[in-house]
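Asks:
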Amino acid sequence: MSFMFTVSPGFSPAHLSGWYIFNTWLQKQTELAIHLELHDNFHAQTEAIKNDNVDLIYANSFDAAMLMRDKGFFPLVKAKGKSDEAIIAVNSGNTVEDVAHLEPGTRVAYTDDPDVKMMGMIMLEPADLDATNIESVVANTNILVAKKLLKGDADAGIFLAEAFDDLSKMIKMQLRVLVRSEISDIHHSLMIGPKLLDKREEIQKSLLEMNACDKGLGVLNSLGFDAWEKVEADEIEFMIDLVDALSM
Amino acid sequence: MISDMNPEDIVGEFKEVTLDLYNSVSRKILYTDIETPYPDGKLIVSTTTPEGIIAHVNSAFIQMSGFTEEELIGTPHSILRHPDMPPAAFKDLWNTVIKGDKWQGFVKNLRKDGGFYWVKATVIPNVRQGKVVGFTSVRRKPSRTKVDECTALYPPMF
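Line by line, the protein sequences give chains A and B. Position 55, counted from 1, in the first sequence is what our numbering calls 55; the numbers after and before it change by one each time, with no gaps. If you want our numbering, it's the 1-based position in the second sequence plus 1000.
(1) Can you tell me whether residue 85 of chain A is buried or exposed, with buried defined as 16 or more other CB within 10 angstroms of its CB?
(2) Measuring only from the beta carbon, is residue 1096 of chain B closer than 8 Å to any heavy atom that is part of the ligand GTP?
(3) Okay, do the region 146-164 of chain A and the region 84-103 of chain A touch, 3+ Cβ pairs below 8 Å being the bar?
(4) The beta strand (DSSP E) that contains residue 234 of chain A, what's its start and end?
(5) Find the residues of chain A that neighbour residue 1043 of chain B, judging by a C-beta separation of less than 7 Å, and give them in chain order.
(6) Short of 8 Å Cβ to Cβ, which residues in the region 1054-1073 of chain B face chain A?
(7) Can you tell me whether DSSP reads residue 157 of chain A as helix, strand or coil?
(8) Determine the closest residue to residue 166 of chain A out of A:67, A:2, A:15, with distance taken between C-alpha atoms.
(9) Residue 1078 of chain B by DSSP, collapsed to three states: which one?
(10) Find out if the Cβ-Cβ distance for the pair residue 1017 of chain B, residue 1029 of chain B is shorter than 9 Å.
(11) I'd like the span of the alpha helix (DSSP H) that includes residue 16 of chain A, first residue to last.
(12) Taking 8 Å as the limit between beta carbons, can you name the residues of its chain near residue 126 of chain A, skipping five residues before and five after?
(13) Residues in the region 116-136 of chain A with C-beta within 7 Å of chain B's C-beta atoms, listed in sequence order?
(14) Three or more beta-carbon pairs under 8 Å between the region 118-134 of chain A and the region 180-190 of chain A, yes or no?
(15) Out of B:1032, B:1048, B:1024, which one is the CA nearest neighbour of residue 1014 of chain B?
(16) On the three-pair Cβ rule with 8 Å, is the region 186-206 of chain A touching the region 1050-1059 of chain B?
(17) Determine the extent of the alpha helix (DSSP H) in which residue 1149 of chain B is found, giving its start and end residues.
(18) What residues in the region 90-118 of chain A bring their beta carbon closer than 9 Å to a beta carbon of chain B?
(19) For residue 1044 of chain B, which beta-bridge partners are listed by DSSP?
(20) How about residue 225 of chain A and residue 79 of chain A: do their beta carbons lie closer than 9 Å?
(21) From what residue to what residue does the beta strand (DSSP E) around residue 1015 of chain B run?
(22) What span of residues does the alpha helix (DSSP H) with residue 151 of chain A cover, start to end?
(23) Give me the subset of the region 1106-1125 of chain B whose CB atoms are less than 8 Å from a CB atom of chain A, sorted by chain position.
(24) How close, in whole Å, do the beta carbons of residue 203 of chain A and residue 64 of chain A come, if the pair is a contact with beta carbons under 8 Å?
(25) Tell me whether residue 204 of chain A sits in a helix, a strand or coil according to DSSP, three-state version.
(26) Check this for me: beta carbons of residue 182 of chain A and residue 1121 of chain B, under 9 Å apart or not?
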């Protein structure tokens, strides 16, 4: 029997190969056949979850709510010391110095990542901007959000902070950060589904001990962090309440 | 328990007023006209018990309120109650959340040093196995336009 593993779209492309290496490591540790399926967008991922085609997922906070409450998933671990943050950036030639000075009608580029969009829209509120008075410019990836700004097709861009930091020096030099979120309480979690629940403790233990050997640490580093940290269901419930409050 | 404000903690010239908070508890408030701007990109987060006693605060809460974590945990959330906030706003908040609904509004909060800061606040009930086990309050940066509107709107509500 083969199990399906997926990673929430929107992660930095710099870590793409890292997830394949991680999946190989995980199969060796668990002696289970696990297939890594990366979806191109959130819509495709949501469909896979709806159709019960996901057994293990590195999920964002939006999906964590649905996975726990409707699909019987449990959280295992999160990346130690990492949280999901967003950035509002403009073309470096833009004269706007403060996000509060952006005007209604601003063309805002963003991806379909619901967490990042929500955090970005909150940071636009001091300018009295919301979904009703901005011009949305939807892009498939964070790199394409950057391109929209560089080409002048958008006035401001909402980025996943990690993806922005991983943009090339050349691109970043042509952009300017107006604001970076410091929320700290919103993060991705590796979650396990009903078909794998009997392996929950075993997999969690392997993950928590992963940084103890050089090979495991190398795999973690390819994902952009140094260790996993245990996540309890209570913590996810708290995060779900937080996201619920922020979505209002 | 909630104690009166201490003149030694206050920065700048202050006014004094006694506020009736809850269950016949009153508190001497010392407050100034000094505003602390809400920092960009941050969220102030706290959770309370169903009775409104603070159970958890994040670092932004500590930074903006001026209290230590030890001073905040176990204290009623009304420690932040500013005399310029109309009681009707908090009545509306409680009436809304005890029904299990979310509440959102603009709030002028009191700091330990007598100053204030404006927030856009959202309070939601924490429902676990169908029971309200507490409340989560999330505050974010309000627009200056909304703050100005509320500054004009609130005084006639007393």
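Don't be surprised by glycine CBs; every beta carbon is placed ideally from N, CA and C. As the structure is a computational prediction, the values presented were derived from the model and not from experiment.
Replies: So, to answer that:
(1) With 16 or more neighbouring CB atoms inside 10 Å of its own CB, residue 85 of chain A falls in the buried class.
(2) The ligand GTP is absent from the structure shown, which contains no ligands of any kind.
(3) With the cut-off at 8 Å, the region 146-164 of chain A and the region 84-103 of chain A touch.
(4) Segment 233-246 is the alpha helix (DSSP H) holding residue 234 of chain A; no beta strand (DSSP E) there.
(5) For residue 1043 of chain B, the C-beta contacts it makes with chain A under 7 Å involve 183, in order along the chain.
(6) Within the region 1054-1073 of chain B, the residues whose Cβ lies closer than 8 Å to some Cβ of chain A are 1058, 1059, 1060, listed in chain order.
(7) DSSP places residue 157 of chain A in the strand class (E or B) of the three-state scheme.
(8) When A:67, A:2, A:15 are compared, the shortest CA-CA separation from residue 166 of chain A is found for A:15.
(9) Under the three-state reduction of DSSP, residue 1078 of chain B is assigned to helix.
(10) In this structure, the beta-carbon distance from residue 1017 of chain B to residue 1029 of chain B falls below 9 Å.
(11) Unbroken alpha helix (DSSP H) run through residue 16 of chain A: 16-30.
(12) Contacts found: 99, 100.
(13) Within the region 116-136 of chain A, the qualifying residues are 122, 123, 125, 126, 127, 128.
(14) Enough Cβ pairs lie closer than 8 Å, so yes.
(15) Nearest C-alpha to residue 1014 of chain B: B:1032.
(16) Below 8 Å, too few C-beta pairs join the region 186-206 of chain A and the region 1050-1059 of chain B to call them touching: fewer than three.
(17) Per DSSP, residue 1149 of chain B belongs to the alpha helix (DSSP H) from 1144-1153.
(18) Cβ contacts with chain B: 98, 99, 100.
(19) In the DSSP output, where bridge partners are listed per residue, residue 1044 of chain B has B:1139.
(20) Their beta carbons are under 9 Å apart, which means residue 225 of chain A touches residue 79 of chain A by this criterion.
(21) Annotation for residue 1015 of chain B: the continuous beta strand (DSSP E) segment containing it runs 1015-1022.
(22) Counting along the chain, the alpha helix (DSSP H) containing residue 151 of chain A begins and ends at 142-151.
(23) Residues 1120, 1122, 1123, 1124.
(24) By a beta-carbon distance limit of 8 Å, residue 203 of chain A does not contact residue 64 of chain A. Their separation comes to about 17 Å.
(25) In the structure shown, residue 204 of chain A falls within a helical segment according to DSSP collapsed to helix, strand and coil.
(26) Residue 1121 of chain B is positioned such that its CB atom lies no closer than 9 Å to that of residue 182 of chain A.
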